[in-house]
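K.L.:
Sharing a structure with you now.
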Amino acid sequence: MNVTIIGLGLIGGSIAKDLKRTGFATEIVGVDSNPEHGKQAVELGIADRYEEMETAVKQTDVVIIAIPVDKIKLILPQVLDLIPDNATVTDVGSTKRDIVNVVENHPKRGNYVASHPMSGTENSGPVSAIENLFENKICIICDQQNSRPQHLALIEKMYQSIGMSTAYMTSDEQDHNTAFVSHLPHVTAFALANVVLAKEDRSIIFDLASGGFRSTVRLAKSSPEMWGPIFHQNSDYMVEAIEEYQKHLEAFKKSIQHENTDGMMKLIKHANGIRSVLDGGNQSMTKKEKTIIQLFTPKN
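Take a look at the structure:
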């Protein structure tokens, strides 16, 4: 299986490592707009060779596009124009509506599978790629009815080979859900970092910073080139998520301001309920079927 990966950073590089390790790919061809990244990827063993995009995608079995979402919108139609008729294309973008709309009427739309493997770190570049990044994580596949069965099955098998389960959603559902569980945490981390950076005596604050602060603000180190376009493409659901977050912050503010101890305790105890969700007690996603690929559907 010849796999071409466009974008050799954290996600693309980590997928490359796992596809090679598991034997899904016999050859990884790297494509990156930064030649230095392409060279690094080969030196690190992430890619077997580095090629220009047009050359690589014309002679491949699978194309994985792992670049910022604004660039995916530009590159995806070009890739579909160039691939062999039997090749399969997927992207790993964190937003989906704008991306799928760009190729809605493309003659090779059926070769494309819209996916979002939900895993990552705050790091970027080929040196950030790590093995087993996706183990026991969920990959969202969107609008699967618009992909031809053989291409859908291949991408399902690809993600299963690197340890992922699969959830199926519409592009709109995906963007709405990830606005809360993925995009909002990044906004709050960026905002918290800016709050502290705005303090005149911030050096003292940083001296006092402990594990709690560091783990909370860790996401603020994430790439602006990646996250700016995500926020832009998902702006409507991002605004909804931020407004909901502000409402809950305001509730905490009022309970503190008015020394409402009982109210404060109720808010904290209610928030403690997240423990059961994170420890596997979440019933909002009901396992419907377990075969080679685990199928999850939202509970009615």
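Residues 1422 to 1721 (this note's numbering) are what the sequence shown spells out, left to right. Where a beta carbon is used, it is the ideal one built from N, C-alpha and C, also for glycine.
1) Cutting at 7 Å between CB atoms, please list the residues of its own chain near residue 1595, excluding the five before and the five after it.
2) Which residue marks the beginning of the alpha helix (DSSP H) containing residue 1559, and which one marks its end?
3) Could you pull out every unbroken alpha helix (DSSP H) segment of at least 4 residues lying fully inside the segment 1482-1510, listed in chain order?
4) Measure the alpha-carbon distance for residue 1616 versus residue 1622 and round it to whole angstroms.
5) In or out: residue 1729 buried (at least 16 other Cβ within 10 Å) or exposed?
6) Could you check how far apart the C-beta atoms of residue 1695 and residue 1608 are, in whole angstroms? I think they sit under 8 Å.
7) Within a Cβ cutoff of 7 Å, which residues of the same chain sit near residue 1557, ignoring the five residues on either side of it in sequence?
8) Cβ atoms of residue 1452 and residue 1423: under 9 Å apart, would you say?
9) Contact check, residue 1411 vs residue 1554 under 8 Å by CB: the rounded distance?
10) Would you check if there are 3 or more beta carbon pairs closer than 8 Å linking the segment 1456-1470 to the segment 1572-1591?
11) At the level of alpha carbons, what is the spacing between residue 1519 and residue 1494?
12) Report the CB separation of residue 1503 from residue 1475 in whole angstroms; it is logged as a contact under 8 Å.
13) What whole-angstrom Cβ distance do residue 1484 and residue 1425 have, given they're in contact under 8 Å?
14) Where residue 1500 and residue 1659 are concerned, what is the direct C-alpha to C-alpha distance, given to the nearest angstrom?
15) Kindly give me the distance between the Cβ atoms of residue 1545 and residue 1431, rounded to whole angstroms, as I take these residues to be in contact under 8 Å.
16) Restricting to Cα atoms, I'd like to know which of 1490, 1569, 1686 is closest to residue 1522.
17) Please work out which residues of its chain come closer than 6 Å, Cβ to Cβ, to residue 1601, disregarding the five sequence neighbours upstream and downstream, and give them in chain order.
18) Residue 1534 and residue 1576: beta carbons closer than 9 Å?
19) Out of 1571, 1638, 1488, 1654, state which residue places its alpha-carbon closest to the alpha-carbon of residue 1593.
20) If the criterion is Cβ atoms closer than 9 Å, does the pair residue 1532 and residue 1568 meet it?
21) With burial defined as no fewer than 16 other Cβ atoms inside 10 Å of the residue's Cβ, what is the status of residue 1461: buried or exposed?
22) Would you mind reading off the limits of the alpha helix (DSSP H) that contains residue 1374?
23) So, using beta-carbon positions, are residue 1684 and residue 1674 closer together than 9 Å?
24) Report the residue from 1440, 1427, 1678, 1463 whose alpha carbon sits nearest the alpha carbon of residue 1488.
25) Enumerate in chain order the residues of its own chain whose CB-to-CB distance from residue 1463 is below 6 Å, with the five nearest sequence positions on each side excluded.
26) Please go through the same chain and pick out, in chain order, the residues whose beta-carbon is closer than 7 Å to the beta-carbon of residue 1665, but skip the five residues on each side of it.
27) If contacts are defined as beta-carbon pairs under 8 Å, then residue 1439 and residue 1552 qualify, I think. What distance do you get, rounded to the angstrom?
28) Could you say which of 1512, 1681, 1619, 1548 lies nearest to residue 1458 if we only look at CA atoms?
29) Hey, how far is the Cα of residue 1390 from the Cα of residue 1645?
30) Give a yes or no on whether the C-beta atoms belonging to residue 1541 and residue 1651 are separated by under 9 Å.
31) Apart from the five residues just before and just after residue 1677, which ones in its own chain have a Cβ nearer than 8 Å to its Cβ?
32) Measuring only the C-alpha atoms, how far is residue 1479 from residue 1539?
P.N.:
On the basis of the supplied data:
1) If you number the sequence shown from 1, residue 1595 lands on position 174. Excluding sequence neighbours, residue 1595 sits near 1517, 1537, 1561, 1563.
2) What you label residue 1559 is simply residue 138 of the sequence shown in a count that begins at 1. No alpha helix (DSSP H) holds residue 1559; the beta strand (DSSP E) holding it covers 1559-1563.
3) Runs of the alpha helix (DSSP H) inside the segment 1482-1510: 1490-1503.
4) Position 195 of the sequence shown, counted from the first residue, corresponds to residue 1616. Position 201 of the sequence shown, counted from the first residue, corresponds to residue 1622. Cα to Cα, residue 1616 sits roughly 12 Å from residue 1622.
5) With the chain running from 1422 to 1721 in the structure shown, residue 1729 is simply not present.
6) Position 274 of the sequence shown, counting from 1, holds the residue named residue 1695. Position 187 of the sequence shown, counting from 1, holds the residue named residue 1608. Taking 8 Å as the upper bound for CB-CB distance, residue 1695 and residue 1608 are not in contact here, some 18 Å apart.
7) Within the sequence shown, numbered from 1, the residue matching residue 1557 stands at position 136. Apart from sequence neighbours up to five positions away, the residues of its chain that approach residue 1557 with a beta-carbon distance below 7 Å are 1584, ordered along the chain.
8) Within the sequence shown, the letter at position 2 stands for residue 1423. Within the sequence shown, the letter at position 31 stands for residue 1452. Not in contact: residue 1423 and residue 1452 (Cβ atoms no closer than 9 Å).
9) A question about residue 1411 goes unanswered here, because the residues of the chain that appear run from 1422 up to 1721.
10) Counting Cβ pairs under 8 Å, fewer than three are found: no touch.
11) Position 98 of the sequence shown, counted from the start, is the residue given in the question as residue 1519. Position 73 of the sequence shown, counted from the start, is the residue given in the question as residue 1494. The alpha-carbon atoms of residue 1519 and residue 1494 are separated by roughly 7 Å.
12) On the sequence shown, residue 1503 is found 82 positions in, with the first residue counted as 1. On the sequence shown, residue 1475 is found 54 positions in, with the first residue counted as 1. Yes, they are in contact, since the Cβ atoms of residue 1503 and residue 1475 sit about 6 Å apart, within 8 Å.
13) In the sequence shown, counting from the first residue as 1, residue 1484 sits at position 63. In the sequence shown, counting from the first residue as 1, residue 1425 sits at position 4. The beta carbons of residue 1484 and residue 1425 sit about 5 Å from each other, so the pair counts as a contact at 8 Å.
14) Walking along the sequence shown from the start, residue 1500 turns up at place 79. Walking along the sequence shown from the start, residue 1659 turns up at place 238. Their backbone Cα atoms lie some 29 Å apart in a straight line.
15) Position 124 of the sequence shown, counting from 1, holds the residue named residue 1545. Position 10 of the sequence shown, counting from 1, holds the residue named residue 1431. Confirmed, Cβ separation roughly 6 Å.
16) In the sequence shown, the residue the question calls residue 1522 occupies position 101. Nearest to residue 1522 by alpha-carbon distance, out of 1490, 1569, 1686, is 1490.
17) Taking the sequence shown and counting its residues from 1, one reaches residue 1601 at position 180. Cβ neighbours of residue 1601 beyond the five flanking positions: 1662.
18) The residue given as residue 1534 occupies position 113 in the sequence shown. The residue given as residue 1576 occupies position 155 in the sequence shown. Closer than 9 Å, so yes.
19) Working through the sequence shown from its first residue, we reach residue 1593 at position 172. Residue 1654 holds the alpha-carbon nearest to the alpha-carbon of residue 1593 among 1571, 1638, 1488, 1654.
20) Start at 1 with the first residue of the sequence shown, and residue 1532 comes out as number 111. Start at 1 with the first residue of the sequence shown, and residue 1568 comes out as number 147. In contact: residue 1532 and residue 1568 (Cβ atoms closer than 9 Å).
21) As a first step, residue 1461 is located in the sequence shown; it is residue number 40 there, counting from the start. Result: buried.
22) For the chain, the structure presents residues 1422 to 1721; residue 1374 sits outside this window and is missing.
23) Translated into the one-based positions of the sequence shown, residue 1684 becomes position 263. Translated into the one-based positions of the sequence shown, residue 1674 becomes position 253. Taking the C-beta atoms as reference points, residue 1674 is found no nearer than 9 Å to residue 1684.
24) Position 67 of the sequence shown, counted from the start, is the residue given in the question as residue 1488. Distances from the CA of residue 1488 to each of 1440, 1427, 1678, 1463 were compared; the closest alpha carbon is that of 1427.
25) Sequence index remark: in the sequence shown, residue 1463 carries index 42 (1-based). Short of 6 Å from the beta carbon of residue 1463, and not among the five residues preceding or following it, lie these beta carbons of its own chain, in chain order: 1471.
26) The sequence position of residue 1665 within the sequence shown is 244, counting from 1. The beta carbon of residue 1665 lies closer than 7 Å to none in the same chain, with the five residues before and after it left out.
27) Within the sequence shown, residue 1439 is the residue found at index 18, counting from 1. Within the sequence shown, residue 1552 is the residue found at index 131, counting from 1. At roughly 6 Å, the Cβ-Cβ gap stays under 8 Å, so residue 1439 and residue 1552 are in contact.
28) Taking the sequence shown and counting its residues from 1, the one referred to as residue 1458 is at position 37. Closest by alpha carbon: 1548.
29) There is simply no residue 1390 to check, as the chain begins at 1422 and stops at 1721 in what is shown.
30) Position 120 of the sequence shown holds residue 1541. Position 230 of the sequence shown holds residue 1651. For residue 1541 and residue 1651, no; Cβs fall outside 9 Å.
31) The residue given as residue 1677 occupies position 256 in the sequence shown. Shown here for residue 1677: same chain residues with a beta carbon closer than 8 Å to its own, the five before and five after excluded, namely 1685 in chain order.
32) Here the question's residue 1479 lines up with position 58 in the sequence shown. Here the question's residue 1539 lines up with position 118 in the sequence shown. Within the model, the alpha-carbon separation for residue 1479 versus residue 1539 is close to 28 Å.
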